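Working notes, beginning with the structure itself.
There are 2 protein chains.
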Amino acid sequence: MTTLNETHDAALTSWVASANDDTTGFPVQNLPFAVFRKRGSSEAFRPGVAIGDQIVDLAALAKLNLFDGQAAAALNACTADSLNALMALGRTHWSALRLSLSRALRTGSTLQSQIEPLLFAQSDAEYTTPARIGDYTDFYISVHHATNIGKQFRPDNPLLPNYKWVPIGYHGRASSLGVNQQFPRPVGQTRPAAEGEMPQFGPCQRLDYELELGVFVGTGNEQGHRIPLDQADEHVFGLCILNDWSARDIQAWEYQPLGPFLSKNFASTISPWIVTLEALEPFRTAFTRAAGEPQPLPYLASDTNRAQGAYDVQMEVLMTTQASRTAQHAPAHLSASNFRDAYWNIAQLITHHTVNGCNLQPGDLLGTGTLSGPEPDQVGSILELTQGGKTPITLPWGEQRTFLQDGDQIIIRAECRKPGYPRIAFGESAGTVLPAR
Amino acid sequence: MTTLNETHDAALTSWVASANDDTTGFPVQNLPFAVFRKRGSSEAFRPGVAIGDQIVDLAALAKLNLFDGQAAAALNACTADSLNALMALGRTHWSALRLSLSRALRTGSTLQSQIEPLLFAQSDAEYTTPARIGDYTDFYISVHHATNIGKQFRPDNPLLPNYKWVPIGYHGRASSLGVNQQFPRPVGQTRPAAEGEMPQFGPCQRLDYELELGVFVGTGNEQGHRIPLDQADEHVFGLCILNDWSARDIQAWEYQPLGPFLSKNFASTISPWIVTLEALEPFRTAFTRAAGEPQPLPYLASDTNRAQGAYDVQMEVLMTTQASRTAQHAPAHLSASNFRDAYWNIAQLITHHTVNGCNLQPGDLLGTGTLSGPEPDQVGSILELTQGGKTPITLPWGEQRTFLQDGDQIIIRAECRKPGYPRIAFGESAGTVLPAR
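Chains as they are written, first to last, in numbering that gives the first Met the number 0: chain A, 0 to 436; chain B, 0 to 436.
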C-alpha cells in the first residue's frame, strides 16, 4: 500500500509557472507520463513527464546523470520509444523517480537551470501509444452500464446471474489501440432485415463510443502464479482515458456465443498521458457494496480493499461535429460520471485476471468497461443516452444524433478534484469518425 | 496465388539422409521454421529450418553469405530470437528463401560442405514461441464442433443463426501462448450448486483440450484498410498446431455475455514448427458448401477460393497419463480429424478479420477453433468425446477419463499425405496438466 508522501504535499509549487494553477491539471503533484516527439517531425518518440503546459524530455534528462540510485535506474529506463522498461522495474523504482522529479521541478530546485533547457511545449508535441501493449483486456465493471446495455441486447434478462460475482471481462485487440485516432467507419455484417433473409452488409449504422478508463500494468506475474488482492496495486503503473468505439449493429449480430469481435477491434482510443497510481493516492476512497448487494468472494475481498479500493475520478464526454467545428462552437457536453461508482475496482480486476494463472506483462492494458453512473445524465455511451437509438439527443447548436455520424469527434476528459488540493487531470482522449472506405 | 514450383518436386531428395523417408515428415519439400537453442542451455534462441531430424541454424547460415537477392535479405531477417522480421518481409521473400534453402539442401548441392557444420540435431534442441505474437484471435470454424459444444451450453439452441454467415471469432490471450507447456490446473469461479447460492470456487473440475490449427500472419494490413479475399493468402506465413486448453466449468459460468476469458487464457500450447503456406500448396483442395448450405456473402466468396480454398491436413489427438508414462505405454489415440471439413477457410478468416479495418501485424496468430469432423471419432475435445462428461472414455491401459486429470499430457500431431508425395508433417504440440497451486 502506498501512502501519502512529500510528493503529495498540496503546498508544493513548481518553477514551471504554468503548473501552479488548475488550468492544465498537470501540477507538480501529478507528473503523468507519455511518449512524445515534435509534432509532424520524424524525431524518435521518447518518454516525457508533463509539468504545466510543458514536457520534461526524460531521454534527454537521463543523459545529465542528475539522479541517483533507483531514481537513476528508473530514468535510464526512459530512453526507448515506450514506457515498458520503466513499467517492468516496479513500484519502488517508479516512486523513487517520482520523488526525484518532484524535487527537481519544485520551486527553488537547484536543478532548474539544467532542466529548463529540456522542457518541450505540449503545444508543439505529438504523441504515440505510451507502451507496447502486449495484451488488452476489457472489463465491464459498471453495473449501471451492464444493466442499461443488457436491456438493449436482452430486454427480458439485462443483468445475468454471474454479473454480481464475476468481474466480467474479455480480451480486446491490442493492435488497433492508439492515441488521437481518426478512423473510417467500420463495415461489416448486421442482422438480416427479416428472418430467413441474408444478413445485411455495409457501413455500420449504429456507431457508438464508450467512456472508459484504462489501467496500465506495470510489473507482471509469472504464468501459473496469481496476484493476491492486497498486492494487486503494486502491479499497476497508472491510468489513462479509453474510448472503446463500438459498432452496435455489428455487435448485435456477431456477439453470440463468443463475445464482441469486429464490433470493437477497428479502433480504441486512449489518452496519451498515464497518470500514475501514486499520483492518485490522495483520491482513494472507500469501496463498499450497497445494502442488499452480495459481498465479493474471499479472493476479491479484504479490509484494505474495502477501506480504500476505489478512486474518485470524475469523467466527462464531449462531442464536436463537422458543422460545430466549422462554426467554432464549443464542444457539447454529453455526460459525466465517476469511477468510484463502478461495481468492481482495479485491485479486483488484477486479482481476478490472474486467479487462474494467466500472466500479465508490463504494458498490458485493462479497460474498465463503460463507466456509466446511476443517473440518466451519467451514461457512458450514446446507446444509453438515446435509449438504444430511439430518442435522439439535440446538440447545443441544433444538430440531432442517435448514433455517431461521419466527422463526429468524441473527446473524453478525466480529472480528480478535492478541496485544498491541486487539480489532477488526465488530459484527454480524442478521436474522429471518418467516412467508410 | 502461389502455384507449384521446383521446390514441390516430389522426386527431390536431400543430402541429409534422415529427410528422405517419411519418418520425420520433414523432407526437403517441407522446410518448416522454428526458433530453437541447445536444450537446457542459456544460448540465444535463433531461427532454424527443419530438414529430416536436423535443424539448419539460420542465424549461423546468414553469416556465410551464400544466398543472393531476396533470399539473402530474408535470411538476414532470421538472426533475432523470433521470426517476426522474416514474416514482415512478405511472400516473395519467403518464397526466395525457400527456393535457396531447397537448392542448398538437395542431394548434389555444392553448398553441402559449408552447411553441414551448421546442422543441429533436433534431439538436442529446445524451442520457444516462434514469433512475438502481438494479438491472438481464436475462431470457431468447425460447424460440427459448434453444434456439439452448443448442445452442452445451449441444449435447445446449439447452432445460433449467425453461425453460417459470420466466421465467429474472439480475441484470445497472447501472453499465455507457449510451446511444450506444463501448467497448473486453473482455479476459478464456477456456477452456484443451486439457485440463490454463492458461486463455487476452486480448481477446475472440467478441464479440456481443443484440437486446433494456428495461422501465423506474415505481412499485415494498415489500420482502416481491408484485405480482399483473393489477396488473403499472401498475408499468411504458415500454420502450426494449437491446443486451446479450456476450463469448461469456469467457461459455463463466466462466458455470458462477453465470451470466454479465464476459462481459456491460462495456457494455449502451440507446436514449435511453422509449416509455410507454400509447403502446403500441394495439399490445397476445393472449398465447397454442401447442398442446402447458404453461400458465403460476396466478400467471403470467390471462384479461386471455391476452387482451392481448403487444405487437406490430417490431425490426431493422443494422450498419456502419469500411470501410462510410468508403465511406458504408447500414447492413446483419442481422435482424428481433417482441416478440410471446416466451415470457413484461412482466406475467409483473414478477410473477415480485416473487413472492418482491423489491422493484422506480422506474427499475429489466428486459431481455427476446435476442428471436429462430422463423425463421432473425429471430435476435437474431451467434452465432445464424453458427451459433456456423461460417458467416460476408457484408455487402452484401463484408466477412464471424463475430463483431464493432473499429470495428463495431450499431444496433437498434424500431417499432409498423398500418393507419390513425401509426407509433410507439423511435428507436435505437447502439454501437461500439473496440480492446481
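Using N, Cα and C, we set each Cβ at its ideal position, and we do this for glycine too. Because the structure is a prediction, the values reported are computed rather than measured.
Presumed contact (8 angstroms Cβ cut-off) between residue i and residue j, rounded CB distance
| i | j | result |
| --- | --- | --- |
| B/Leu57 | B/Leu74 | 6 angstroms |
| B/Val178 | B/Thr275 | Going by Cβ atoms, the distance from B/Val178 to B/Thr275 rounds to 18 angstroms, so no, they are not a contact pair. |
| A/Glu277 | A/Gly24 | At roughly 16 angstroms, the Cβ-Cβ gap does not stay under 8 angstroms, so A/Glu277 and A/Gly24 are not in contact. |
| B/Phe286 | B/Asn304 | 6 angstroms |
| B/Asn220 | B/Asn358 | 6 angstroms |
| A/Thr106 | A/Ser17 | In fact, because the Cβ distance is near 13 angstroms, the residues do not count as touching under 8 angstroms. |
Residues bridged to residue i [DSSP beta-bridge criterion]
| i | result |
| --- | --- |
| A/Glu125 | A/Arg36 |
| A/Thr319 | A/Gln408 |
| A/Val186 | A/Pro202 |
| A/Tyr310 | A/Arg283 |
| B/Ile423 | B/Cys415 |
| B/Val274 | B/Leu238 |
| B/Gln399 | B/Thr393 |
| A/Arg105 | A/Ser13 |
| B/Thr431 | B/Gln181 and B/Gln408 |
| B/Asp207 | B/Ser245 |
Span of the beta strand (DSSP E) around residue i
| i | result |
| --- | --- |
| B/Thr268 | Ser267 to Ile269 |
| B/Asn242 | Val235 to Asn242 |
| A/Asn337 | Ala331 to Asn337 |
| B/Thr136 | Tyr135 to Phe138 |
| A/Gly68 | Unbroken run through A/Gly68 is the alpha helix (DSSP H), Gly68 to Asn75; no beta strand (DSSP E). |
| B/Arg45 | Arg45 to Ile50 |
| B/Gln53 | Gln53 to Asp56 |
| B/Leu210 | Leu210 to Val216 |
| B/Leu364 | Leu364 to Gly366 |
| B/Leu118 | Leu118 to Ala120 |
Residue range of the alpha helix (DSSP H) that includes residue i
| i | result |
| --- | --- |
| B/Phe152 | Val142 to Phe152 |
| A/Arg412 | Note, A/Arg412: premise wrong, no alpha helix (DSSP H); beta strand (DSSP E) at Gln408 to Lys417. |
| B/Arg288 | Note, B/Arg288: premise wrong, no alpha helix (DSSP H); not H, not E. |
| B/Ala87 | Asn83 to Leu88 |
| B/Arg172 | From DSSP, B/Arg172 is part of no alpha helix (DSSP H); its letter is neither H nor E. |
| A/Ser112 | Gln111 to Ile114 |
| A/Asp248 | Arg247 to Glu253 |
| B/Leu384 | Ile381 to Leu384 |
| B/Leu348 | Ile345 to Thr353 |
Closer than 8 angstroms at the beta carbon, the chain A residues around residue i
| i | result |
| --- | --- |
| B/Gly187 | Val354 and Asn355 |
| B/Gly133 | Gly133, Ala173 and Ser174 |
Neighbouring residues, chain B, relative to residue i (Cβ below 8 angstroms)
| i | result |
| --- | --- |
| A/Pro198 | Asn161, Trp164, Val165 and Leu296 |
| A/Asn264 | His170, Asn355 and Cys357 |
Within chain B, partners of residue i - CB distance below 9 angstroms
| i | result |
| --- | --- |
| A/His144 | Neighbours of A/His144 on chain B: none; closest Cβ ~12 angstroms, over 9 angstroms. |
| A/Tyr126 | Neighbours of A/Tyr126 on chain B: none; closest Cβ ~17 angstroms, over 9 angstroms. |
| A/Tyr208 | Simply none; closest approach about 16 angstroms. |
| A/Phe152 | Pro256 |
Cross-chain neighbours of residue i in chain B, by beta carbon under 7 angstroms
| i | result |
| --- | --- |
| A/Gln111 | Per Cβ cutoff of 7 angstroms: no residues; A/Gln111 is ~42 angstroms from chain B at best. |
| A/Tyr342 | In chain order: nothing, as chain B lies at least about 15 angstroms away. |
| A/Pro183 | Gly223 and Gly356 |
Contact set between residue i and chain A, taken where Cβ atoms lie within less than 9 angstroms
| i | result |
| --- | --- |
| B/Arg436 | Gly223, His224, Arg225 and Gly356 |
| B/Gly168 | Glu253, Leu257, Phe260 and Leu261 |
Partner residues on chain A for residue i, Cβ-Cβ distance less than 7 angstroms
| i | result |
| --- | --- |
| B/Tyr310 | Correct list: empty, because the minimum Cβ distance to chain A is about 23 angstroms. |
Closer than 7 angstroms: residue i CB and nearest the ligand ZN heavy atom
| i | result |
| --- | --- |
| B/Ala9 | The model depicted lacks the ligand ZN and carries no ligand whatsoever. |
**Request:** Could you list the residues in the segment 408–428 of chain B with a C-beta less than 7 angstroms from some C-beta on chain A, going in chain order?
**Result:** Taking 7 angstroms as the Cβ-Cβ cut-off, the segment 408–428 of chain B has no residue approaching chain A.
**Request:** For the segment 242–262 of chain A, enumerate the residues whose C-beta is nearer than 9 angstroms to any C-beta of chain B, in chain order.
**Result:** Ala246, Ile249, Trp252, Glu253, Tyr254, Gln255, Pro256, Leu257, Gly258, Pro259, Phe260, Leu261 and Ser262
**Request:** May I ask you to list, following chain order, the residues of the segment 216–227 of chain A that have a beta carbon less than 9 angstroms from some beta carbon of chain B?
**Result:** Under the 9 angstroms Cβ criterion, the segment 216–227 of chain A contributes Gly219, Gln222, Gly223, His224 and Arg225.
**Asked** At a Cβ cut of 7 angstroms, what residues of the segment 360–389 of chain B count as close to chain A, listed as they run along the chain?
**Response** Gln360
**Message:** Residues of the segment 10–28 of chain A in Cβ contact with chain B at a cutoff of 7 angstroms, in chain order, please.
**Reply:** Taking 7 angstroms as the Cβ-Cβ cut-off against chain B, none of the residues of the segment 10–28 of chain A qualify.
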